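Trainee:
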Amino acid sequence: MSPQPSLPSWATWWQRPFPDANTLLLHGQQPALVDTGFVGHAEETAAWARAHVGELGLVVNTHWHSDHVGGNALLQEQGATVAAGAPEAEAIGRRDPGCCAAEYLDQPVAAYTVDVPLDDGQVLRLGDAEWEVVRTPGHTPGHLALWQPEERLLVAGDALSDYDVGWVNLAVDGLEAATTALASLERMADLAPRVILPSHGPIPADPGAAFAAALRRAQRLVDDPDGTVWYGARRIFAFALMIRDGIPTDDVEPYLHARAWVTDAAQLLDLTRVPCHRAGHDHARQRRRHPARRPPLRRRRPHTCGGRVTARAVPARMAGFGAALTRGGTWTGGPAAARSGSLVRSGRAGRCQPTSRRPDSSAPPVRPSGRTGGVVVQASTTTT
Ligand SMILES: [Zn+2]
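For the sequence shown, position 352 (counting from the first letter as 1) is numbered 698 according to my numbering, and the numbering increases by one without interruption.
#1: Could you check whether the Cβ of residue 507 sits closer than 8 Å to any heavy atom belonging to ligand 1?
#2: Taking just the CA atoms, how far does residue 596 sit from residue 448?
#3: For residue 381, count the other beta carbons within 10 Å of its own beta carbon; 16 or more makes it buried, fewer makes it exposed. Which is it?
#4: Report yes or no: do the stretch 417-426 and the stretch 467-477 share at least 3 C-beta pairs separated by less than 8 Å?
#5: Report all residues from its chain with a CB closer than 8 Å to the CB of residue 540; omit the five preceding and five following residues, and keep chain order.
#6: Please identify the residue among 543, 529, 371 and 535 whose C-alpha is closest to the C-alpha of residue 485.
#7: Taking its Cβ as the centre, do 16 or more other Cβ atoms sit within 10 Å of residue 522, making it buried, or is it exposed?
#8: Using a Cβ-based criterion (distance less than 8 Å to any ligand heavy atom), does residue 519 qualify as near ligand 1?
#9: Residue 589: which of 354, 363, 355 and 358 sits nearest, CA to CA?
#10: Which residues have a Cβ closer than 5 Å to any heavy atom of ligand 1, listed in chain order?
#11: Below 8 Å, can you find three or more Cβ-Cβ pairs linking the stretch 457-464 to the stretch 429-449?
#12: In chain order, what residues of the same chain have a beta carbon less than 6 Å from the beta carbon of residue 478, not counting five sequence neighbours either side?
#13: In whole angstroms, what is the alpha-carbon distance linking residue 395 and residue 373?
#14: May I ask which residues mark the beginning and end of the alpha helix (DSSP H) holding residue 549?
#15: What's the C-alpha gap between residue 466 and residue 410?
#16: In whole angstroms, what separates the C-alpha of residue 357 from that of residue 368?
#17: Let me know the secondary structure DSSP gives residue 595 once reduced to three states.
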């Protein structure tokens with residue numbers, strides 16, 4: 347096993363299993379927490395921070411996905427200030443129904459506000475050290491990284507991990523999102539960090555190798571938009587299985603049909619089977635017979651030629667993906683879902699009790715309890 351890269355004495359990093367993102371605690375005059383885990387584990391997150399630093403001054407989010415902002419509401423109630431990337435801060439301030447993509451992804455988030463919008467190049471005092479905000483859009487438009495130049499630490503969020511790159515949402519963020527994510531990775535690689543702190547999985551032993559692998563993967567997302575859509579679908583669905591602790595087989599198809607992201611994926615892939623009454627043919631079948639005629643992926647408008655836009659083909663393919671997860675009439679959550687969804691290469695994933703679906707970010711969801719765990723990395727074990 348490779349030795350763990352060293353962290354300074356003022357940083358404690360908590361590697362957490364899904365559905366929580368890893369958490370970084372920065373000690374000093376203004377104790378700060380970077381990302382706050384999944385909502386079902388908010389109490390645990392707050393207790394952990396309190397045990398290490400007492401009162402927390404500031405929470406900084408790399409982006410607004412549910413596994414990164416779940417403790418925000420509770421910590422804010424307890425007096426912490428919340429800082430996040432400006433585009434996301436503005437949307438939260440407007441009470442935009444798309445906030446946190448909570449409804450779109452069917453992932454619960456307890457309502458919070460952003461007190462400090464962050465712009466590219468802004469310098470923040472976290473603990474006793476100065477960190478630079480590096481805007482790194484792609485995985486989400488407001489995604490940011492944090493750079494500490496003296497120690498050359500890079501908090502990378504979901505942009506990359508030791509084994510993966512963040513999925514990109516071509517339907518919501520546009521087909522250029524993959525190119526944007528690649529450019530953000532190049533910008534981070536140019537910083538040549540000594541330590542990359544990713545939001546999922548371990549600290550990469552070799553930052554250069556991690557960036558080289560991530561850049562290759564990100565280039566594939568650019569080159570293969572269809573594959574990118576499927577990759578995102580697998581990630582979203584695997585996360586749903588985990589936070590619900592599995593979904594009964596009979597419920598899977600209705601669940602998928604009710605999801606906007608499935609309909610969007612179908613439209614992007616042009617798998618919507620719409621009988622065209624005027625032409626009397628099936629567009630998707632024609633494309634399969636004549637693949638050469640298939641145009642490059644672009645955003646298509648739903649058909650309106652007398653048919654109903656359906657997304658049958660996506661759940662059918664997801665069923666193939668889910669076959670490996672089916673156990674005793676239930677699609678399992680937990681580690682199997684995480685592995686199959688490429689959420690982790692190996693190792694453990696957390697499980698939660700089922701959560702209530704939350705229509706938007708204006709009201710707190712039922713907070714599930716669940717098994718948690720992880721690895722805490724701090725100076726006592728890693729500082730050289
Ligand atoms: Zn994310």
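Just so you know, even glycine gets a beta-carbon here, dropped at the ideal spot from N, CA and C. Predicted model only: the values in this text are computed from it and were never measured.
Mentor: Quick look at the numbers:
#1: For the purposes of this step, residue 507 is identified with residue 161 of the sequence shown, where counting begins at 1. It does not: the Cβ of residue 507 is nowhere closer than 8 Å to a heavy atom of ligand 1.
#2: For the purposes of this step, residue 448 is identified with residue 102 of the sequence shown, where counting begins at 1. For the purposes of this step, residue 596 is identified with residue 250 of the sequence shown, where counting begins at 1. Approximately 24 Å, taken between the alpha carbons.
#3: Start at 1 with the first residue of the sequence shown, and residue 381 comes out as number 35. Residue 381 comes out buried.
#4: no
#5: As a first step, residue 540 is located in the sequence shown; it is residue number 194 there, counting from the start. Around residue 540: 351, 497, 498, 499 and 553.
#6: Residue 485 sits at position 139 when you count from the first residue of the sequence shown. Answer by Cα proximity: 529.
#7: By one-based count along the sequence shown, residue 522 stands at place 176. Classification for residue 522: exposed.
#8: Numbered from 1 along the sequence shown, position 173 holds the residue referred to as residue 519. No, Cβ of residue 519 sits at least 8 Å from all heavy atoms of ligand 1.
#9: Numbered from 1 along the sequence shown, position 243 holds the residue referred to as residue 589. For the residues 354, 363, 355 and 358, the minimum Cα distance to residue 589 belongs to 363.
#10: 411 and 504
#11: yes
#12: Translated into the one-based positions of the sequence shown, residue 478 becomes position 132. 469 and 493, listed in sequence order.
#13: Start at 1 with the first residue of the sequence shown, and residue 395 comes out as number 49. Start at 1 with the first residue of the sequence shown, and residue 373 comes out as number 27. Rounded to whole angstroms, residue 395 to residue 373 spans 10 Å at the Cα level.
#14: For the purposes of this step, residue 549 is taken as the residue at position 203 of the sequence shown. No alpha helix (DSSP H) holds residue 549; DSSP gives it neither H nor E.
#15: The residue you call residue 466 lines up with position 120 of the sequence shown. The residue you call residue 410 lines up with position 64 of the sequence shown. Each residue's alpha carbon lies about 17 Å from the other.
#16: The residue you call residue 357 lines up with position 11 of the sequence shown. The residue you call residue 368 lines up with position 22 of the sequence shown. C-alpha separation (whole angstroms): 13 Å.
#17: For the purposes of this step, residue 595 is taken as residue 249 along the sequence shown, with counting starting at 1. Here residue 595 sits in helix by DSSP.
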